[in-house]
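At position 146 of the sequence shown (counting the first as 1) the number is 146 in our numbering, and the numbers step up by one without a gap.
Just so you know, even glycine gets a beta-carbon here, dropped at the ideal spot from N, CA and C.
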Amino acid sequence: FSFPFSDIRDDVVFGKNVDYVLEGNDLDPRAKVVPWTNEIAFETLEAGTFDVGRKSQTIYETAFFHKATKTLIVTDAVARVPLEPPAANSVDKLLVVSQRSTADPIPEDTPEARQIGFEKTALLVNYFFPEHEELDPANPGTVVWTEGWHNNFKALA
1 FSFPFSDIRD
11 DVVFGKNVDY
21 VLEGNDLDPR
31 AKVVPWTNEI
41 AFETLEAGTF
51 DVGRKSQTIY
61 ETAFFHKATK
71 TLIVTDAVAR
81 VPLEPPAANS
91 VDKLLVVSQR
101 STADPIPEDT
111 PEARQIGFEK
121 TALLVNYFFP
131 EHEELDPANP
141 GTVVWTEGWH
151 NNFKALA
């Protein structure tokens, strides 16, 4: 996944050529056999297919289980999202994200606006395209947050 660029060679993205792409899981008889399946179990999940830069992109996430140590190895799957914004957040960025629409003016700096910006940022960071973040069909290039996004944040946190 190399948005906004497409068709970039693997060695440019990853620093070397990719020998293998994981699919399915280690128990799937149709999956290619990788040399470490006796030591590490894996499961590849499809996170969804999205229109990114006018190109259909399918996003995958793989979790690994090291059998000998019983260690779960995951990326992006385990996170703690607090209910309140941490002090390290940029106020300016929180205010930009707190807008109902990207066409709206930036709101005043209030605790409520910062909280809204933090909640929407948490949704954006944890999901590629969160539910209730919609493109405005009447205004190309404009994003609108629809009702329900706050409930999604509460479920996440």
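| said: I need the boundaries of the beta strand (DSSP E) containing Gln57, first residue and last residue. | reply: Start and end: Lys55 to His66.
| said: Does Phe153 come out as helix, strand or coil in the three-state DSSP assignment? | reply: Phe153 falls in the helix class under three-state DSSP.
| field | alpha helix (DSSP H) segment containing Thr121, residue limits | value | From DSSP, the alpha helix (DSSP H) with Thr121 extends over Pro111 to Asn126.
| Inter-residue Cα distance where the pair is Leu83 and Val12 | Between the alpha carbons of Leu83 and Val12 lies a gap of roughly 38 Å.
| request: May I ask which residues mark the beginning and end of the alpha helix (DSSP H) holding Leu95? | output: In this chain, the alpha helix (DSSP H) harbouring Leu95 covers Val91 to Val97.
| Taking DSSP as the reference, what is the three-state secondary structure of Phe42? | If DSSP states are grouped into helix, strand and coil, Phe42 belongs with the strands.
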